[in-house]
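Note sheet for the following structure.
2 protein chains.
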Amino acid sequence: MRDAYHEELDALTDQLVEMTRLVGSAISRASTALLDADLTLAESVIAADDAVDALRDELDARAMDLLARQQPVASDLRIIVTTLKMSGDLERMGDLARHVARSARRRYPESAVPAALRATIVEMGQVAERLVAKAGSVIASHDVEEALQIEKDDDEMDRLHRALFGDLLNVASPFSIETAIDVTLVSRYYERFADHAVSIARRVVFLVTGRQPRDLIEHV
Amino acid sequence: MRDAYHEELDALTDQLVEMTRLVGSAISRASTALLDADLTLAESVIAADDAVDALRDELDARAMDLLARQQPVASDLRIIVTTLKMSGDLERMGDLARHVARSARRRYPESAVPAALRATIVEMGQVAERLVAKAGSVIASHDVEEALQIEKDDDEMDRLHRALFGDLLNVASPFSIETAIDVTLVSRYYERFADHAVSIARRVVFLVTGRQPRDLIEHV
């Protein structure tokens, strides 16, 4: 009985990692759809988000079922409650990837991203992909040092977010208001996507150490 | 023992309602700070968000403690897990109020909102306040019909969000890119604030009925 129970606990972790894969694929394809003004790809990202939501619902139901049947305490209880919080982060990351895809769709056949801002958005997409991949790795490994590294990738995202606003303001020939709205929203979606990856990493740190990352970060 | 346990469950609900009060006060004062370019008020909203975060931490710790000590099942278990999800929504609403206050601070002594867009932002602030007050009421009452009404207030917020983008684009003398960025972000903060109120209402509906609001909404 005890073994079957731990297999069920492991299955929760596997399902969280599977969610990071789906969400990683979504943000990668959404970035391509945005930069290439690829309507078909954008539509496929928008449609695929239902699978992320369904996985979250299934994961939460399983976690509730484990709480009710096994009445876990101590570290097992913390794992399950942390899972319920992380599933929310990952579901939201899926929504944000879908928002990027919707921005692509709204401006089709044009691109929502003008050529001068392309390089920054490409980089934001790459940082987002790296962050969600690392979040998946940390969920599986419970490696605290790796989790703390995620904060540094997020600093990079924040820098890009600020740089993009600088680019919007400091150009010889000003962008249209429409472009400013589009780019501001897209940049905000990437930034929030990164924040949720950080949130996942912090939950792992707290799960493993019982301490908040801000108390540990100087010592790494 | 059983009575003390139910008092502890009620205390979770009371603490959630207290969070809605803090967050309601925050969004109300942030809106005033934004519209009146009131730096002192903006600073006070920014500083007050720590109290919301602390309340969330305390609430989550209490909920975990109840899970470990009382090993609840059925509806009691659902109440505690829903509390853990709602505390996340409310903490995030506090963050969004703080973001509005930061927008006010960033543009001080000017206002981030030009006169022509003021009326719409005033209305967004009022809808946000109404939504969080209703969310608090629904958390306490578990009234499904009242919870479903919150979706309608959110439709109003979505309409204002779209109207504001229309206002930004369709003016005789165009706004600056800086204004477009500010107003786009602020509008997004209000919209997300409203989304979290809807999320709380949906969690109450699911808690009480075991069904998703989308399956019920035609019958009200």
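The listed protein sequences derive, respectively, from chains Z and B.
So for the first sequence, our numbering puts the first residue at 474; every next one is plus one.
So for the second sequence, our numbering puts the first residue at 474; every next one is plus one.
Quick reminder that beta carbons are idealized off the backbone N, C-alpha and C, glycines included.
(request) Show which residues of chain B have a CB atom less than 8 Å away from the CB atom of methionine 537 of chain Z. (result) The sequence position of residue 537 of chain Z within the first sequence is 64, counting from 1. Correct list: Leu550, Arg551 and Val554.
(message) Against chain Z, with Cβ distances strictly below 7 Å, would glycine 685 of chain B count as a contact?
(response) Numbered from 1 along the second sequence, position 212 holds the residue referred to as residue 685 of chain B. A small fix is needed here, since residue 685 of chain B is glutamine in this sequence, not glycine. Answer no: the Cβ-Cβ gap between glutamine 685 of chain B and chain Z never drops below 7 Å.
(message) Starting from phenylalanine 648 of chain Z, trace the alpha helix (DSSP H) in both directions and tell me its first and last residue.
(response) In the first sequence, the residue the question calls residue 648 of chain Z occupies position 175. Careful: phenylalanine 648 of chain Z lies outside any alpha helix (DSSP H) and carries neither H nor E.
(request) Could you confirm whether any beta carbon from chain B is found closer than 7 Å to the beta carbon of leucine 489 of chain Z? (result) Position 16 of the first sequence holds residue 489 of chain Z. For leucine 489 of chain Z, the answer is no, since every Cβ of chain B falls outside 7 Å of its Cβ.
(message) Does any residue of chain Z have a CB that is nearer than 7 Å to the CB of leucine 642 of chain B?
(response) Here residue 642 of chain B is taken as the residue at index 169 of the second sequence, counted from 1. It does; some Cβ of chain Z falls within 7 Å.
(request) Give me the Cα-Cα distance between serine 496 of chain B and aspartate 526 of chain B, rounded to the nearest whole angstrom. (result) Position 23 of the second sequence holds residue 496 of chain B. Position 53 of the second sequence holds residue 526 of chain B. First, the amino acid is wrong: residue 496 of chain B is valine here, not serine. For valine 496 of chain B and aspartate 526 of chain B, the distance between alpha carbons rounds to 11 Å.
(message) Taking CB distances under 7 Å as the criterion, tell me whether valine 546 of chain Z reaches chain B.
(response) Translated into positions along the first sequence, residue 546 of chain Z becomes position 73. Interface with chain B (7 Å Cβ-Cβ cutoff): valine 546 of chain Z is included.
(message) Just to make sure I have the definition right: I need the residues of chain Z whose C-beta is within less than 9 Å of the C-beta of alanine 558 of chain B. Which are they?
(response) Mapped onto the second sequence, residue 558 of chain B falls at position 85. According to the sequence shown, residue 558 of chain B is lysine rather than alanine. Those are Asp533, Leu557, Lys558 and Gly561, listed as they occur along chain Z.
(message) Would you call the segment 626-645 of chain B in contact with the segment 649-667 of chain Z, where contact means no fewer than 3 C-beta pairs closer than 8 Å?
(response) Contact between the segment 626-645 of chain B and the segment 649-667 of chain Z is present, because at least three Cβ pairs lie under 8 Å.
(request) Write down the C-beta distance between alanine 601 of chain Z and alanine 667 of chain Z rounded to the nearest angstrom, noting that I regard them as a contact closer than 8 Å. (result) The residue labelled residue 601 of chain Z in the question sits at position 128 within the first sequence. The residue labelled residue 667 of chain Z in the question sits at position 194 within the first sequence. Between alanine 667 of chain Z and alanine 601 of chain Z the Cβ distance is about 6 Å, and since that is below 8 Å, they are a contact.
(message) Does any residue of chain Z have a CB that is nearer than 7 Å to the CB of threonine 682 of chain B?
(response) Numbered from its first residue, the second sequence carries residue 682 of chain B at position 209. So no, threonine 682 of chain B is outside the interface.
(request) Enumerate in chain order the residues of its own chain whose CB-to-CB distance from threonine 555 of chain Z is below 6 Å, with the five nearest sequence positions on each side excluded. (result) Residue 555 of chain Z sits at position 82 when you count from the first residue of the first sequence. Answer for threonine 555 of chain Z: Arg676 and Leu680, listed in chain order.
(request) Can you tell me which of the three DSSP states proline 686 of chain B falls into? (result) For the purposes of this step, residue 686 of chain B is taken as the residue at position 213 of the second sequence. In this structure, proline 686 of chain B counts as helix in the three-state DSSP scheme.
(request) Would you kindly report the start and end of the unbroken alpha helix (DSSP H) that includes glutamate 629 of chain B? (result) Here the question's residue 629 of chain B lines up with position 156 in the second sequence. Annotation for glutamate 629 of chain B: the continuous alpha helix (DSSP H) segment containing it runs 617-642.
(request) Just the C-alpha distance for histidine 634 of chain Z and leucine 658 of chain Z, rounded to the nearest angstrom, thanks. (result) Translated into the one-based positions of the first sequence, residue 634 of chain Z becomes position 161. Translated into the one-based positions of the first sequence, residue 658 of chain Z becomes position 185. In a straight line, the C-alpha of histidine 634 of chain Z is about 11 Å away from that of leucine 658 of chain Z.
(message) At the level of alpha carbons, what is the spacing between arginine 535 of chain B and alanine 484 of chain B?
(response) Numbered from 1 along the second sequence, position 62 holds the residue referred to as residue 535 of chain B. Numbered from 1 along the second sequence, position 11 holds the residue referred to as residue 484 of chain B. Their backbone Cα atoms lie some 9 Å apart in a straight line.
(request) Report back the beta-carbon spacing between alanine 608 of chain Z and threonine 493 of chain Z to the nearest angstrom; my notes put them in contact at under 8 Å. (result) In the first sequence, counting from the first residue as 1, residue 608 of chain Z sits at position 135. In the first sequence, counting from the first residue as 1, residue 493 of chain Z sits at position 20. With a Cβ gap of about 6 Å, alanine 608 of chain Z and threonine 493 of chain Z count as contacting.
(message) Run through chain Z and tell me which residues come within less than 7 Å of isoleucine 654 of chain B, C-beta to C-beta.
(response) In the second sequence, the residue the question calls residue 654 of chain B occupies position 181. Simply Phe638, Leu641, Ala653 and Thr657.
(request) Compare the C-alpha of leucine 482 of chain Z against each of Z/Val586, Z/Leu550, Z/Val611 and Z/Gly567 and name the closest. (result) Here residue 482 of chain Z is taken as the residue at index 9 of the first sequence, counted from 1. It is Z/Leu550.
(request) Since I believe valine 605 of chain Z is in contact with isoleucine 500 of chain Z (beta carbons under 8 Å), could you give me their beta-carbon distance rounded to a whole number of angstroms? (result) Translated into positions along the first sequence, residue 500 of chain Z becomes position 27. Translated into positions along the first sequence, residue 605 of chain Z becomes position 132. Going by Cβ atoms, the distance from isoleucine 500 of chain Z to valine 605 of chain Z rounds to 6 Å, so yes, they are a contact pair.
(message) Determine whether the beta carbon atoms of alanine 524 of chain B and alanine 515 of chain B lie at a separation below 7 Å.
(response) On the second sequence, position 51 is the one that residue 524 of chain B refers to. On the second sequence, position 42 is the one that residue 515 of chain B refers to. Not a contact, by the Cβ cut-off of 7 Å.
(message) Using a Cβ-Cβ distance cut-off of 7 Å, determine whether alanine 608 of chain Z contacts chain B.
(response) Sequence index remark: in the first sequence, residue 608 of chain Z carries index 135 (1-based). No, because no Cβ of chain B sits closer than 7 Å to the Cβ of alanine 608 of chain Z.
(request) Name, please, each residue of chain B whose Cβ falls closer than 7 Å to the Cβ of proline 647 of chain Z. (result) Position 174 of the first sequence holds residue 647 of chain Z. Proximity of chain B to proline 647 of chain Z at the Cβ level (cut-off 7 Å) is accounted for by Ile650, in chain order.
(request) State buried or exposed for aspartate 688 of chain B, treating a residue as buried only when at least 16 other CB atoms are found within 10 Å of its CB. (result) For the purposes of this step, residue 688 of chain B is identified with residue 215 of the second sequence, where counting begins at 1. Aspartate 688 of chain B is exposed by the Cβ-count criterion.
(request) Can you grab the Cα-Cα spacing for the pair aspartate 626 of chain Z / alanine 477 of chain B, in whole Å? (result) The residue given as residue 626 of chain Z occupies position 153 in the first sequence. The residue given as residue 477 of chain B occupies position 4 in the second sequence. In this structure, the alpha-carbon of aspartate 626 of chain Z lies about 46 Å from that of alanine 477 of chain B.
(request) Take serine 584 of chain B and list the residues in its own chain whose beta-carbon comes closer than 6 Å to its own, dropping the five residues that flank it on each side. (result) Translated into the one-based positions of the second sequence, residue 584 of chain B becomes position 111. Only Ala510 meet the Cβ criterion.
(message) methionine 559 of chain Z and tyrosine 663 of chain Z - do their beta-carbons sit closer together than 7 Å?
(response) Here residue 663 of chain Z is taken as the residue at index 190 of the first sequence, counted from 1. Here residue 559 of chain Z is taken as the residue at index 86 of the first sequence, counted from 1. Taking a C-beta distance under 7 Å as the contact criterion, tyrosine 663 of chain Z and methionine 559 of chain Z do not qualify as a contact pair.
(request) Return the CA-CA distance between glycine 561 of chain Z and alanine 645 of chain B, expressed in angstroms with no decimal places. (result) Locating residue 561 of chain Z in the first sequence gives position 88, counting from the first residue. Locating residue 645 of chain B in the second sequence gives position 172, counting from the first residue. Going from the Cα of glycine 561 of chain Z to the Cα of alanine 645 of chain B covers about 43 Å.
(request) Determine the contact status of valine 617 of chain B and valine 678 of chain B, defining contact as a CB-CB distance below 7 Å. (result) Residue numbering aside, residue 617 of chain B sits at position 144 when the second sequence is read from its first letter. Residue numbering aside, residue 678 of chain B sits at position 205 when the second sequence is read from its first letter. Yes, the pair counts as a contact, with Cβ atoms nearer than the cut-off.
(request) Please confirm if alanine 670 of chain Z has its CB atom under 7 Å from at least one CB of chain B. (result) Your numbering for residue 670 of chain Z matches position 197 in the first sequence. No, no contact with chain B.
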